[in-house]
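Residue numbers (this note's numbering), protein chains in the order written: chain A, 1 to 495; chain B, 496 to 751.
Every residue gets a Cβ at the ideal spot worked out from N, C-alpha and C, and that includes glycine.
Worksheet: the structure to be examined is printed underneath.
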Ligand SMILES: [Cu+2]
């Protein structure tokens, strides 16, 4: 009974688009030592150490080719994509991106792909570092509760993306099915103080950015290439706050940076650092003194830089709306002595990040109180203050005074206090045209702030209506919700 | 070459007798369509004629399958040859002929091989539906025979497919029926079809991909793609925790 499983798998994949045919030509390469078959594996088989992001397995330290056994398990799991927002991720090893695989050029890799029995979908894997049709996709097509095995020789050194290539491929990738495999050169890599694993991906949810609750995959947004989230390591909180990457002044950091896509190309940049070396496109050539490096969807790069002064270095996709409005932001915290000769030393995250750098305690507290129905006006004011900073303060200033002739004051504003419903409408829908605040005329434009949640807006408004001498009643999330529901917004605007 | 699970004959030889009657899973008529637009144009013909047929109202349940196993003990999990049903076959049952606490009688039966599903249907004097029959029925919503162009309906399907299968399956017939009066075609379990294996042959696959002609209609109907992927990942003796089945029959002859 001969079955045509593999051809069907390939077909199923190719039906959905071009992803599957990513085999790498095994023929000649111009750069010496990059393509190598160093003979049969020697010694006992080795079980590969796999790590979850942002950690990277230790260097190989071996002078001969070996047989390396890799066991990767696919899990479909529900996890937080943003604070208070859950999403069903499809993962290689339980995380997005999947487990990091590290082998040596010339190694023979025996690959086991396990599809957990609780999973609903068949899955497979296309390793860009594999020489052979489909990169393993056809040989690894696996039903839930089953396991596949195939073997390949890692002929080319470099950093390679792997991803699921099961139809509909775009959806499997959009749900987080990608990761990196490093094929070390035979002589190993130059030692550095820290190696980290960071991978960008774009996500498409039915609800808007940061809308609470469980969010499902939105097929239409994916087809339109309009992501709700653009993230490093699969969650807004993955690499900020306590989870930030860490290093010390004087140290050198090596980042393996991949881009899983499915759609966007990344303009990868670290605010406040210049990359000393970039192995762009994951190849063997090095560029020096790079500010921003382009990482294609389905591609990766190795970047290295040293840390001269302490502070928070912010990793972003420099297509910058993605960083500030879709979550493409991570932090590397460098500790150590200041060096004023190089940099005067001002903290970067408060300026740049505003509310993006992990939720402050009062916000978390207010959210819990709201959930249990015990939210007080005082809690709202505190949470609102935390969100006001970095959102409204950019224009209306931290003290609510605004700027004469440009940004009207919120402190003591008769306009603000006269009509609560109008105030809610202003933050939801923006405002333009002539207005008079405390006797002074303004004729400018405020953009809609509708990307904020109902409870965030309620807290902010409660805060501004009860600060700097203002005093009014609380604004509830329901009031915001009601107004939001009854306003029509143009296609494409956040809603 | 069009491989088929020819061994099916051998599997059926395991059984003997005439149909056993099942009272509460009736066969409901599904209107035929002389020009059913398949979502798999290029793999199968663009428009096919699907004759009217009958389909069971809900996926076969644990309780129903238990009666079958009692009548045909050769399909007990402890005696069935691995060639016909893999190691996890009926693994949710307490014992080979006992459901126990982990499998409710009204839950759809899963961990079922294609052979076992086909044998069950044969025992009823029925058969598994074909891919086209199943797709024709599954194109219906509560209000329309063909809802495939409705984005909200498609999104609802996708949401189900996107959730893991780990949670307990709910009993059958708890959601709304479609226009035919059928339950649970979409939001409960995957279902076997008779020709799961012959959805595409390798020759066609080559031609299809090689020419680069992306002729999948309704490209955005991802749910169909997922069904193709799922069924094509399976061998006929494979089982999974979210794959069940229901049976079909031709319409009774009307004398033409
Ligand atoms: Cu997958």
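For residue i, the three-state DSSP class (helix, strand or coil)
i, result
"residue 417 of chain A", "helix"
"residue 731 of chain B", "coil"
"residue 692 of chain B", "helix"
"residue 678 of chain B", "coil"
"residue 206 of chain A", "coil"
"residue 299 of chain A", "strand"
"residue 626 of chain B", "helix"
"residue 80 of chain A", "strand"
"residue 92 of chain A", "strand"
"residue 478 of chain A", "helix"
"residue 274 of chain A", "coil"
"residue 393 of chain A", "helix"
"residue 120 of chain A", "coil"
"residue 590 of chain B", "strand"
"residue 697 of chain B", "Note that residue 697 of chain B scores a pLDDT of 41, beneath 50, so its modelled location is shaky; the value from the coordinates is reported in the next line. Correct three-state label for residue 697 of chain B: helix."
"residue 249 of chain A", "coil"
"residue 365 of chain A", "helix"
"residue 485 of chain A", "helix"
"residue 601 of chain B", "coil"
"residue 723 of chain B", "helix"
"residue 388 of chain A", "helix"
"residue 381 of chain A", "helix"
"residue 100 of chain A", "strand"
"residue 739 of chain B", "strand"
"residue 38 of chain A", "coil"
"residue 44 of chain A", "coil"
"residue 5 of chain A", "In this predicted model, residue 5 of chain A has a pLDDT of only 38, less than 50, meaning its place in the structure is not dependable; the value taken from the coordinates is given anyway. Here residue 5 of chain A sits in helix by DSSP."
"residue 711 of chain B", "In this prediction, residue 711 of chain B scores a pLDDT of 47, lower than 50, which makes its location untrustworthy; the coordinate-derived value is nonetheless stated afterwards. Correct three-state label for residue 711 of chain B: coil."
"residue 612 of chain B", "helix"
"residue 258 of chain A", "strand"
"residue 596 of chain B", "coil"
"residue 621 of chain B", "coil"
"residue 286 of chain A", "coil"
**Study point:** Near-chain A residues of the region 646-660 of chain B - C-beta to any C-beta below 8 Å
**Key:** 646, 649, 650, 653, 654, 656, 657, 658, 659, 660
**Asked** Which residues have their C-beta within less than 7 Å of a heavy atom of ligand 1, listed in chain order?
**Response** A:74, A:90, A:121, A:123, A:124, A:164, A:166, A:172, A:177
*asked:* Under 8 Å, CB to CB, which of the residues in the region 568-587 of chain B have a partner in chain A?
replied: 583
inquiry  = Just to confirm the assignment: which complete beta strand (DSSP E) runs, minimum length 3, are found wholly within the region 309-348 of chain A?
reply    = 311-317, 329-335
Legend entry - 4 or more residues per run - each alpha helix (DSSP H) lying fully within the region 550-587 of chain B: 557-566
> Quick check: the region 553-563 of chain B against the region 598-606 of chain B, are there 3 or more CB pairs under 8 Å?
Replying inline: yes
- Within the region 631-686 of chain B, note down every full alpha helix (DSSP H) run reaching 4 residues or more, in order along the chain. 646-657
| message | Taking beta-carbon pairs under 8 Å, can you tell me which members of the region 209-238 of chain A lie near chain B? | response | 216, 217, 218, 219, 220, 223
Can we say the region 294-304 of chain A touches the region 242-260 of chain A, given the rule of at least three CB pairs closer than 8 Å? yes
*Within the region 173-247 of chain A, note down every full alpha helix (DSSP H) run reaching 4 residues or more, in order along the chain.*
219-223
Item to complete: Select from the region 86-120 of chain A all residues with a C-beta closer than 8 Å to any C-beta belonging to chain B, and list them in chain order.
Response: 88, 117, 118, 119, 120
- [ ] Count the CB pairs spanning the region 130-138 of chain A and the region 82-95 of chain A that are closer than 8 Å, and state whether there are at least three.
- [x] no
* Asked: With a cut-off of 8 Å, do at least 3 Cβ pairs link the region 201-220 of chain A to the region 108-127 of chain A?
  -> no
Could you run through the region 732-746 of chain B and flag, in chain order, every residue whose CB is less than 9 Å away from some CB of chain A? 733, 734, 735, 736, 737, 738
- request: Scan the region 133-153 of chain A for residues whose Cβ lies nearer than 9 Å to a Cβ of chain B and list them as they occur along the chain.
  value: 141, 142, 143, 144, 145, 146
(request) Scan the region 618-641 of chain B for residues whose Cβ lies nearer than 9 Å to a Cβ of chain A and list them as they occur along the chain. (result) none
Any chance you could list the alpha helix (DSSP H) runs of at least 4 consecutive residues sitting entirely within the region 108-170 of chain A, in chain order?
-> none
Practice item. Could I get the ranges of all uninterrupted alpha helix (DSSP H) runs contained in the region 421-474 of chain A, with 4 residues as the minimum, in chain order? Key: 454-464
The region 47-73 of chain A: positions lying closer than 9 Å to chain B by Cβ: none
* **the region 268-276 of chain A touching the region 239-250 of chain A, judged by at least three CB pairs closer than 8 Å** => no
Checklist entry - Should the region 443-460 of chain A be regarded as contacting the region 476-483 of chain A, the criterion being three or more beta carbon pairs within less than 8 Å? => result yes
Under 8 Å, with one C-beta from each stretch per pair, do the region 610-627 of chain B and the region 649-663 of chain B reach the 3-pair mark? no
Using 8 Å as the cut-off, can you tell me whether the region 368-376 of chain A makes contact with the region 397-416 of chain A, which would need three or more C-beta pairs spanning the two stretches below that distance?
no
Could you tell me whether the region 458-470 of chain A touches the region 370-384 of chain A, where touching means 3 or more Cβ pairs closer than 8 Å?
-> yes
- Message: Under 8 Å, CB to CB, which of the residues in the region 715-728 of chain B have a partner in chain A?
- Response: 715, 717, 720, 721, 723, 724, 725, 727, 728
ask   = Do the region 725-734 of chain B and the region 576-585 of chain B make contact, defined as three or more Cβ pairs closer than 8 Å?
value = yes
So, does the region 191-200 of chain A touch the region 166-176 of chain A, judging by three or more C-beta pairs under 8 Å? no
contact_flag[the region 276-293 of chain A, the region 221-232 of chain A] where n(CB pairs < 8 Å) is 3 or more:
no
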